[in-house]
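Per the working numbering, the very first residue in the sequence shown carries number 389; after that it's consecutive.
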Amino acid sequence: MIPILPAVTGQETAGAARANDVLHLMRPGPLQLTALPPLSLYVHLPWCLRKCPYCDFNSHEWRADAAGALPEQRYLDALVADLDAALPLIWGRTVHTIFIGGGTPSLFSPEAVDRLVGDLRARLKLAPDCEITLEANPGTFERDRFRAYRAAGVTRLSVGVQSFNDDHLKSLGRVHDRAQAIAAVEEAASAFDTFNLDLMYALPGQTLAQLDADLKQALALAPPHLSVYHLTIEPNTYFAKFPPQVPEEDDAYAMLDHLTEHMAAAGLARYEVSAYARDGHRCAHNTNYWQFGDYLGIGAGAHSKLSFAHRIVRQVRLRDPGRYMDGALAGGAVAQSAEVALADLPFEFMLNALRLTDGFPLAQFGERTGLAMTAIQRGLEEAERKGLLARDLRHVWPTPRGLDFLSDLQTMFLPDA
Ligand code: SF4
Numbered sequence: 389m390i391p392i393l394p395a396v397t398g399q400e401t402a403g404a405a406r407a408n409d410v411l412h413l414m415r416p417g418p419l420q421l422t423a424l425p426p427l428s429l430y431v432h433l434p435w436c437l438r439k440c441p442y443c444d445f446n447s448h449e450w451r452a453d454a455a456g457a458l459p460e461q462r463y464l465d466a467l468v469a470d471l472d473a474a475l476p477l478i479w480g481r482t483v484h485t486i487f488i489g490g491g492t493p494s495l496f497s498p499e500a501v502d503r504l505v506g507d508l509r510a511r512l513k514l515a516p517d518c519e520i521t522l523e524a525n526p527g528t529f530e531r532d533r534f535r536a537y538r539a540a541g542v543t544r545l546s547v548g549v550q551s552f553n554d555d556h557l558k559s560l561g562r563v564h565d566r567a568q569a570i571a572a573v574e575e576a577a578s579a580f581d582t583f584n585l586d587l588m589y590a591l592p593g594q595t596l597a598q599l600d601a602d603l604k605q606a607l608a609l610a611p612p613h614l615s616v617y618h619l620t621i622e623p624n625t626y627f628a629k630f631p632p633q634v635p636e637e638d639d640a641y642a643m644l645d646h647l648t649e650h651m652a653a654a655g656l657a658r659y660e661v662s663a664y665a666r667d668g669h670r671c672a673h674n675t676n677y678w679q680f681g682d683y684l685g686i687g688a689g690a691h692s693k694l695s696f697a698h699r700i701v702r703q704v705r706l707r708d709p710g711r712y713m714d715g716a717l718a719g720g721a722v723a724q725s726a727e728v729a730l731a732d733l734p735f736e737f738m739l740n741a742l743r744l745t746d747g748f749p750l751a752q753f754g755e756r757t758g759l760a761m762t763a764i765q766r767g768l769e770e771a772e773r774k775g776l777l778a779r780d781l782r783h784v785w786p787t788p789r790g791l792d793f794l795s796d797l798q799t800m801f802l803p804d805a
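Take a look at the structure:
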């Protein structure tokens, strides 16, 4: 899971060259944070077997036949160099969750993941119950591979199934088929105490009956966590150039209602706009993003959000894997580093927190942004008037209508809204 990100457009204070200059980041500044939020680590492994036509993530096709074996060891060396250079920024802080995302991290061998987890453990103070998630795709699945990830220290798997319908999998350009998807989820269930299954809806030509068949198959595998994503046509993708025929907006809403209703009946409660879980199986890593927690992102194109006593900083690593490896090994993996402007903090907080069905405690807004409640007062009143949001003395949460019109609700907190 990639965090919900605004672009890095704040005041360029540290700049890439001073990205890891901790004294510069600790100097007096406009904010006064009383405590730092929980810290997570995101590790980006950028390669996939094939680029999916809808994908706008930083993922790069790796054709083993043409390009040879994946440069696993060099990439791991680069990650370690990147982390070592960033350590002063998170000195003394406990890491509560780790997410190894991509790309397709399960292209990396269990031995490589074992080395990666060992390298992270050697350098970071991990919480005793640290959740360590790895994203896996059924097309890279071999028997016992998932078990070997578990032995390497991964505690949670996120399986990118997307659909169980072979025609839809083909139209999405996925490298796996229905049988491989089912085998991969069964293996995940037998190797892990907790795992996630990703499903997409509003697929090209999809009917409600076909979506229902996907859902029934997913529920038959008893996932403790399900994430559902509306297929969206993103700029700079193959689908943006050659748009497929997708269901109308009203049909897509009906699909989401159908998913939510049937998942609730199966014990999977919606806790975020796209995420459903049984009790005790929420994703701690993503929850930290949504609660405006901190994260250090290492790897090609990875994003970070880090709080210091007097400022909040966003960073982005070099995007191209080759340039990233060269840069990280030479001590310069960061491409952009910018301080979040005070005026942008309310929107950044609300962009994330309003995705959660429980919303947020009012006190958390002050803790995480260093701002007074007056900074969001006008937006809260307007959203409440429009029935998009509800609140009591301690909490704010989106109404069901607010979740349906989430981007309208979020934009009420833009600086000039
Ligand atoms: S497998 Fe995932 S990351 Fe890779 S191209 Fe497809 S959607 Fe993108």
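Using N, Cα and C, we set each Cβ at its ideal position, and we do this for glycine too.
Does chain B have any CB closer than 8 Å to the CB of residue i?
i: Pro418; result: Annotation note: the requested chain B is absent from the structure, which comprises a single protein chain.
In its own chain, which residues sit with a C-beta less than 7 Å from the C-beta of residue i, not counting the 5 before and 5 after it?
i: Leu802; result: Phe735
i: Leu471; result: Arg511 and Ile686
i: Ala690; result: Tyr430, His432 and Arg705
i: Cys518; result: Val483, His484, Thr485 and Ile486
i: Ser695; result: Leu421, Leu424, Pro425 and Asp682
i: Asp554; result: Asp565 and Arg566
Where does residue i land, buried or exposed, given buried means 16+ other C-beta within 10 angstroms?
i: Glu400; result: Unreliable placement is indicated for Glu400, whose pLDDT of 47 sits below 50; no coordinate value is reported for it.
i: Arg766; result: exposed
i: Asp796; result: exposed
i: Lys604; result: exposed
i: Trp479; result: exposed
i: Leu591; result: buried
i: Gly790; result: buried
i: Gln420; result: exposed
i: Phe630; result: exposed
i: Leu781; result: exposed
i: Leu387; result: Nothing in the structure corresponds to residue 387, since the chain is present only between 389 and 805.
i: Gly668; result: exposed
i: Met761; result: exposed
i: His412; result: exposed
i: Gly715; result: buried
i: Glu530; result: exposed
i: Arg415; result: exposed
i: Arg503; result: buried
Nearer than 7 Å: is that true of the beta carbon of residue i relative to any heavy atom of ligand 1?
i: Asn624; result: no
i: Ser447; result: yes
i: Gly491; result: yes
i: Asn553; result: no
i: Lys558; result: no
i: Cys443; result: yes
i: Gly710; result: no
i: Asn525; result: yes
i: Gly655; result: no
i: Gly685; result: no
i: Gly548; result: yes
i: Lys629; result: no
i: Cys436; result: yes
i: Cys440; result: yes
Give me, in chain order, the residues of the same chain whose beta-carbon lies closer than 8 Å to that of residue i; leave out the 5 immediate sequence neighbours on both sides.
i: Tyr537; result: Ser494, Pro498, Val501, Leu522, Ala524, Leu545 and Ala579
i: Pro476; result: Asn408 and Val410
i: Ala404; result: Gly720, Val722, Ala723, Gln724 and Ser725
i: Asp792; result: Tyr641
i: Trp450; result: Trp435, Cys436, Leu437, Leu458 and Leu495
i: Asp639; result: Ala590 and Leu596
i: Glu574; result: Leu609
Report the three-state DSSP secondary structure of residue i (helix, strand or coil).
i: Ile621; result: coil
i: Val728; result: coil
i: Met588; result: strand
i: Gln594; result: coil
i: His646; result: helix
i: Trp435; result: strand
i: Thr813; result: For residue 813 there is no data in the structure shown, the boundaries of the chain being 389 and 805.
i: Asp472; result: helix
i: Gly490; result: strand
i: Lys513; result: strand
i: Leu508; result: helix
i: Ala697; result: coil
i: Ala665; result: strand
i: Glu660; result: strand
i: Trp479; result: coil
i: Trp678; result: helix
i: Thr401; result: With a pLDDT of only 44 at Thr401, under the threshold of 50, the placement of this residue in the model should not be trusted; the figure read from the coordinates follows. Of the three classes helix, strand and coil, the one that applies to Thr401 here is coil, per DSSP.
Excluding the five sequence neighbours on either side, which residues of its own chain have a C-beta within less than 6 Å of the C-beta of residue i, listed in chain order?
i: Gly655; result: Arg666
i: Phe680; result: Phe737, Asn740 and Arg756
i: Val468; result: Asp507
i: Pro632; result: Pro592
i: Arg743; result: Glu660, Val661 and Trp678
i: Phe552; result: Arg566, Ala569, Asp602 and Gln605
i: Val547; result: Ala524, Ala572, Val573, Ala576 and Leu585
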